[in-house]
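Take a look at the structure below.
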DNA sequence: TCAGTTCGTCGAACCGGTTCGGCAAGCTAG
DNA sequence: CTAGCTTGCCGAACCGGTTCGACGAACTGA
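Chains as they are written, first to last, in the working numbering: chain A, 15 to 351; chain B, 15 to 351.
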């Protein structure tokens, strides 16, 4: 059921069929109708491979996926969903590429074999050779997060610095003086994870400005780690009255640890941070936090990529988002100990 | 940087390069080395589109994705991750296809335009025209879940019937006599969602066997719905002492509702169900539940699909999984009211 | 009436691989 | 010495589209 078949049945040439379907050259109304009839009857659809080969565009974008085995966060899922949806709206498909152990191999698949027209990168690190590499070869890519020296590249990111600062100020305004920071796992921080670094940076900066006594912790991406992290926090400084976290997956464990330690949220202890709203609303009491607008970020990333694909020479653009803190129920005034 | 270029630089013909790289015909050791040198120097990789066009296989599988806008569950994410990883291990890429509002359109993209060699379908309903359609055209697909009349098809599923039964028996063994069932949203149940139906079926059957007083509820996929669902349950029958749920996303809300109602888990009220372990471990106290082995299911689905692609005439196979109940901390003996 | 346009269509080349048949060189066997 | 086989490579066709140049017919204006 190829284009030649359609041409034969419609009594025209292959090129006429192609033009009739693409509209790239005028075709008489009568011929067009004849062709359309045959196409509809046979349910003909042009082969994506052939089309890609002929015109050099695959109508597919690659989504470079965080390695499996990690705990996926809810944010990532919302993200993927919104990217797929936004891409579909532009008639693009999304190819998932694991950037796991041998990320080179899957990268080679995407770029070397020209499976995709562009790419969206997740899980950006401050020093990210993937981003640098793509930028150096001029491949159309959009990063979710910014590298240290790529402020003028193509990316959409969350201003974790500002968000962590806002959390600290929120707590300081409530009178908290001793605050802990619960970051992503140490391994991620050490490998230069962008959000972990910027979050810590903002936390430290704001704490200094307000003259607070703070400690920063790394915490595994799971509930058990969250629980033991709270134990560490309260052991190191029992007078701690609040924490700021970037770690969604540990959130339930943090709450559990506080409950175990007999700290009532928000009466005895305030919790806030940067977390997807789904998680913030799942815990009890619901978390006062800056909600990660994952879906919006996915859409914006696709928009940027489309813009870049349409006009390859357009100047680099980016979006730095700073969602407000949603006031829920997990923070309250510091008790006057 | 196409195959002709390589051939020219290596001083051989294009076909020789092709054979040298694919190994489908013998090539002298010397020639092979010459070609390999050029390939390595230029970093040549054959174009996926051209290869797909020539040999009819795209080395890509489609993952038919639940529509965005829904609340994604943790299970789905683990699932996607494991599918991507398992596919990568077989040198396949994964193309995400939204099966949203106009699912026909994206289906046409996948099949009509021949973008993928096979497909994995998520979110199966008892009467699922996608499954039926693919089966009738003989397209290699594997479903995650089984339709009502497709027991001899290609699928991997969770035995929700048996799992719900096990939950009921677990509770009955603990002495609970009045139990509620918290299902997925009514809309999903009505549209014939497989897991919702089979779960309800197993729940009802086991409850009848044990002579329990039960009520079944539908509940939105979010915390707020969970909370109000608990209110309904306790309003309808305040003597209810336990519930079984399939609804991960509502879990936090269920707990919150119980806490609000002054029911302590597990002292006054037991909670169990079928939930991804990540969620089961996030709530406090951790949920005694049948853990959904999402990652394993993804792997198995890919395995089945690969088997089917390799031998198109192989007899249909399936995997029906029945993970055991993980005893955690959310169930306990019924209090002797 | 004839040159110059415009319109609609066609044929052929091309995208970058794969694959089949064939051919020449080198070897073996009769 | 030659018939027959093996080995290693090449040329050409093909996969299924897109796109460019050209060409005939109908239409315009002088």
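No residue lacks a Cβ here, since even glycine has one placed at the ideal position from N, Cα and C. In this text the structure is predicted, and so the values were computed from the model without any measurement.
- Should the stretch 198-205 of chain B be called in touch with the stretch 160-170 of chain B, which here means at least 3 C-beta pairs below 8 angstroms? no
- Query: Taking one C-beta from the stretch 267-284 of chain A and one from the stretch 306-321 of chain A each time, how about it: are there three or more such pairs within less than 8 angstroms?
  - Reply: no
- Item | Nearest-angstrom Cα separation, counted from residue 171(A) out to residue 132(A) | Numbered from its first residue, the first chain carries residue 132(A) at position 118. Numbered from its first residue, the first chain carries residue 171(A) at position 157. Between residue 132(A) and residue 171(A), the C-alpha separation is close to 18 angstroms.
- Query: Going by DSSP, which residues form a beta bridge with residue 169(B)?
  - Reply: On the second chain, position 155 is the one that residue 169(B) refers to. Answer by DSSP bridge pairing, in chain order: 157(B) and 332(B).
- Query: Nearest chain B C-beta to residue 49(A) closer than 9 angstroms, yes or no?
  - Reply: By one-based count along the first chain, residue 49(A) stands at place 35. No, no contact with chain B.
- Closest residue to residue 89(A) among 263(A), 316(A) and 123(A) (Cα-Cα distance): Here residue 89(A) refers to the residue found at position 75 of the first chain. Of 263(A), 316(A) and 123(A), the residue nearest in Cα terms is 263(A).
- Query: First and last residue of the alpha helix (DSSP H) that includes residue 247(A)?
  - Reply: Locating residue 247(A) in the first chain gives position 233, where the first residue counts as 1. Note, residue 247(A): alpha helix (DSSP H), 237-250.
- Should residue 212(B) be labelled buried (16 or more other beta-carbon atoms within 10 Å of its own) or exposed? For the purposes of this step, residue 212(B) is identified with residue 198 of the second chain, where counting begins at 1. When all chains shown are included, residue 212(B) counts as buried.
- Query: In this structure, what does DSSP give as the bridge partners for residue 197(B)?
  - Reply: Taking the first residue of the second chain as 1, we reach residue 197(B) at position 183. 232(B).
- Should the stretch 315-324 of chain A be regarded as contacting the stretch 244-260 of chain A, the criterion being three or more beta carbon pairs within less than 8 angstroms? no
- Taking 8 angstroms as the threshold, find out whether the stretch 29-40 of chain B comes into contact with the stretch 30-49 of chain A through three or more Cβ pairs. no
- Query: How long is the line joining the alpha carbons of residue 55(A) and residue 181(B), rounded to whole angstroms?
  - Reply: In the first chain, counting from the first residue as 1, residue 55(A) sits at position 41. In the second chain, counting from the first residue as 1, residue 181(B) sits at position 167. In a straight line, the C-alpha of residue 55(A) is about 52 angstroms away from that of residue 181(B).
- Message: Using a Cβ-Cβ cutoff of 8 angstroms, what residues of the stretch 113-138 of chain A are near chain B? List them in chain order.
- Response: 114, 120, 122, 123, 126, 127, 128 and 129
- Message: What does the Cβ neighbour count give for residue 16(A), buried or exposed, with the cut at 16 atoms within 10 Å?
- Response: Here residue 16(A) is taken as the residue at index 2 of the first chain, counted from 1. So residue 16(A) counts as exposed.
- Counting pairs of beta carbons, one from the stretch 117-130 of chain A and one from the stretch 91-101 of chain A, are three or more of them closer than 8 angstroms? no
- Query: DSSP three-state call for residue 79(A): helix, strand or coil?
  - Reply: In the first chain, residue 79(A) corresponds to position 65, counting from 1. It is a strand residue.
- Are the beta-carbon atoms of residue 97(B) and residue 74(B) separated by less than 9 angstroms? Here the question's residue 97(B) lines up with position 83 in the second chain. Here the question's residue 74(B) lines up with position 60 in the second chain. No.
- Item | Cβ-based neighbour list, residue 315(A), same chain, cut-off 7 angstroms, excluding 5 preceding and 5 following | Locating residue 315(A) in the first chain gives position 301, counting from the first residue. Within the same chain, residue 315(A) has close Cβ partners 97, 134, 156, 158 and 170.
- Below-9 angstroms beta-carbon distance, residue 153(A) vs any chain B residue: As a working mapping, residue 153(A) is identified with position 139 in the first chain. Not one chain B Cβ lies under 9 angstroms of residue 153(A).
- Would you say residue 63(B) reaches chain A, if we count a Cβ-Cβ gap shorter than 9 angstroms as a contact? To locate residue 63(B), count along the second chain from 1; it is residue 49. Yes, residue 63(B) lies at the interface with chain A (some Cβ there is under 9 angstroms from its Cβ).
- My understanding is that residue 189(A) touches residue 347(A), with C-beta atoms under 8 angstroms, so please give their C-beta distance in whole angstroms. The residue you call residue 189(A) lines up with position 175 of the first chain. The residue you call residue 347(A) lines up with position 333 of the first chain. With a Cβ gap of about 5 angstroms, residue 189(A) and residue 347(A) count as contacting.
- Item | Supposed close pair residue 76(A), residue 330(A) - CB separation, criterion 8 angstroms | Position 62 of the first chain, counted from the start, is the residue given in the question as residue 76(A). Position 316 of the first chain, counted from the start, is the residue given in the question as residue 330(A). Not confirmed; about 19 angstroms, so no contact.
- Query: Residue range of the alpha helix (DSSP H) that residue 124(B) falls in?
  - Reply: Working through the second chain from its first residue, we reach residue 124(B) at position 110. Taken as a continuous stretch (DSSP letters only), residue 124(B) belongs to no alpha helix (DSSP H), as it is neither H nor E.
- Can you list the residues of chain A that residue 52(B) reaches, using a CB-CB cut of under 9 angstroms? Along the second chain, read from residue 1 onward, the residue named residue 52(B) stands at position 38. Residues of chain A passing the Cβ test: none, with the nearest at roughly 15 angstroms.
- Any residues in the stretch 262-279 of chain B with a beta carbon nearer than 8 angstroms to a beta carbon of chain A? Which ones, in chain order? 263, 265, 266, 267, 269, 270 and 273
- Cβ of residue 102(B) less than 9 angstroms from any chain A Cβ? For the purposes of this step, residue 102(B) is taken as the residue at position 88 of the second chain. So yes, residue 102(B) belongs to the interface.
- Query: Taking just the CA atoms, how far does residue 154(B) sit from residue 10(B)?
  - Reply: With chain B covering only 15 through 351, there is no way to say anything about residue 10(B).
- Query: So with Cβ pairs under 9 angstroms, would you call residue 217(A) a contact of chain B?
  - Reply: If you number the first chain from 1, residue 217(A) lands on position 203. Closer than 9 angstroms: no.
- Message: Helix, strand or coil for residue 17(A)? Go by DSSP, reduced to three states.
- Response: For the purposes of this step, residue 17(A) is taken as the residue at position 3 of the first chain. Helix.
- Task: Could you give the DSSP three-state label for residue 58(A): helix, strand or coil?
- Result: The sequence position of residue 58(A) within the first chain is 44, counting from 1. Three-state result, residue 58(A): coil.
- Query: What do you reckon, are the CB atoms on residue 338(B) and residue 290(B) nearer than 9 angstroms?
  - Reply: Indexing the second chain from 1 puts residue 338(B) at position 324. Indexing the second chain from 1 puts residue 290(B) at position 276. No, the Cβ-Cβ distance between residue 338(B) and residue 290(B) is not below 9 angstroms.
- Query: alpha helix (DSSP H) containing residue 272(B): first to last residue?
  - Reply: Position 258 of the second chain, counted from the first residue, corresponds to residue 272(B). 265-274 is the extent of the alpha helix (DSSP H) around residue 272(B).
- Task: Taking residue 59(A) as the reference, give the member of 224(A), 70(A) and 32(A) with the closest Cα.
- Result: Reading the first chain from its first residue, position 45 is the one you call residue 59(A). Comparing Cα positions, the closest option is 32(A).
- For residue 319(B), decide whether its Cβ has a neighbour in chain A, counting only Cβ atoms nearer than 9 angstroms. As a position in the second chain, residue 319(B) is number 305, starting the count at 1. Judged by the 9 angstroms Cβ criterion, residue 319(B) is not in contact with chain A.
- Task: State yes or no: is the beta carbon of residue 39(A) nearer than 9 angstroms to at least one beta carbon in chain B?
- Result: Counting from one through the first chain, the residue named residue 39(A) turns up at place 25. No - not a single Cβ of chain B is within 9 angstroms of the one on residue 39(A).
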